[in-house]
Amino acid sequence: MAQPLAKGLAGRPENHGSAKVQRPWIEPAVTAVVFGLFVLYSLWEVLFHANGVYGSYVSPFFSPQVGRWLGMRNFIAIPVVWIPLFFRGTCYYYRKEYNRAWFWHPSSCAATEPSGRRYTGESRFPFSWTNLHRYFWYLAVIVLAFLWKDTISAFFFHQGFAVRLGSLLMLANAIFLTLYTFSCHAFRHLVGGGKDCNSCMLGAQAGQPTTSYRMWTRVSRWNQRHGGWAWASLISVWVVDLYIRLLIMGVIHDVRFF
Ligand code: FES
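So that you can map any letter, position 235 of the sequence shown is 675 in the numbering used here, and since no number is skipped, the others follow by simple counting.
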């Protein structure tokens, strides 16, 4: 039974030094709060601003500029911004955290669901919609390609090539987002040929790994750091957008290195 196990671990003297065992809610709670603030900031940014461009810089919330191409005057980020938000919102890493912190579904591996509820994983609505993650991955890759185009443009100004603080922030953001996107569980499943068990397939092939298996192994290594890339890319998107927003508002000036 799960509940007694959680209580038993917390009560054992040898576990007193482990914050992870004593307070399993800390990590999901911090993630859920920061992610929630990020979602609120994103809504404020895309609903109350009609411009996310400053010179050669394009905010990641406003790229690609489909709204502008369609001639929209307001809410120009809306045609695209739902893609990265849903991609991140259905990410396995964030799912684990907000399912525990926001919905207690359940609060940790060794805890039961709140009374009156039965654990159904993500097979029932409303949690089942997160299974669309693999499709959001394809759309996110398209958006990422535009972010790299924006990043290259961020090094070219009226006077020609230059390296400014905004250019470097956009470059760091594109790198973190690339690591986040290509360490995704859905991408790992895709390069593994969509099989449920790649290591089983290796056994069936008498130790002869296929190209697909090698790629799956490599992406599996990246995947081990997926939570870190999730954090790094979330913060970099936030910082880049805020930097560009403050430039647009005239609160700060861009820093030129050379
Ligand atoms: S699992 Fe996190 S982006 Fe796919």
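Beta carbons are placed, not taken as given, at the ideal position from N, Cα and C, and that holds for glycine. A quick note: this is a predicted structure, and the numbers were derived from the prediction, not measured.
Nonlocal neighbours in the same chain, by C-beta distance under 6 Å from residue 603, ignoring five residues either side: 697 and 698
Going by the C-beta, is residue 626 closer than 8 Å to any heavy atom of ligand 1? yes
Contact the stretch 645-659 vs the stretch 587-606: 3+ CB pairs below 8 Å: no
Is any heavy atom in ligand 1 found nearer than 8 Å to the beta carbon of residue 522? no
Pick helix, strand or coil for residue 696, following the three-state DSSP scheme. strand
How long is the line joining the alpha carbons of residue 659 and residue 691, rounded to whole angstroms? 42 Å
Residue(s) in a DSSP beta bridge with residue 601: 596
Out of curiosity, what's the CA-to-CA distance linking residue 630 and residue 636? 11 Å
Are the stretch 534-543 and the stretch 471-480 touching by the rule of at least three beta carbon pairs closer than 8 Å? yes
Which residues DSSP lists as bridging residue 494, in chain order: 497
Cβ of residue 670 within 8 Å of any heavy atom in ligand 1? yes
Can you determine whether any heavy atom of ligand 1 sits closer than 8 Å to the C-beta of residue 575, and answer yes or no? no
For a quick check, are the C-beta atoms of residue 527 and residue 486 less than 9 Å apart? no
What first and last residue would you give for the alpha helix (DSSP H) that runs through residue 655? 651-663
Ligand 1 heavy atoms versus the CB of residue 501: any closer than 8 Å? no
Is residue 528 a contact residue of ligand 2, with contact defined as CB to any heavy atom under 8 Å? No copy of ligand 2 occurs in the structure displayed; its ligands are ligand 1 alone.
Buried versus exposed, by CB contacts within 10 Å (16 or more), residue 610: buried
Spell out a yes or no on whether the stretch 618-629 and the stretch 568-587 are touching, meaning 3 or more CB-CB pairs, one atom from each, closer than 8 Å. yes
Can you confirm whether residue 691, when its beta carbon is compared against all beta carbons of chain B, has any partner nearer than 9 Å? No chain B is part of this structure, which consists of one protein chain only.
Within 10 Å of its beta-carbon, does residue 573 have 16 or more other beta-carbons around it, so buried, or fewer, so exposed? buried
Cβ of residue 621 versus every heavy atom of ligand 1: is any distance shorter than 8 Å? yes
How many Å lie between residue 396 and residue 688 at the Cα? Residue 396 lies beyond the stretch modelled for the chain, which goes from 441 to 698, so this question has no answer here.
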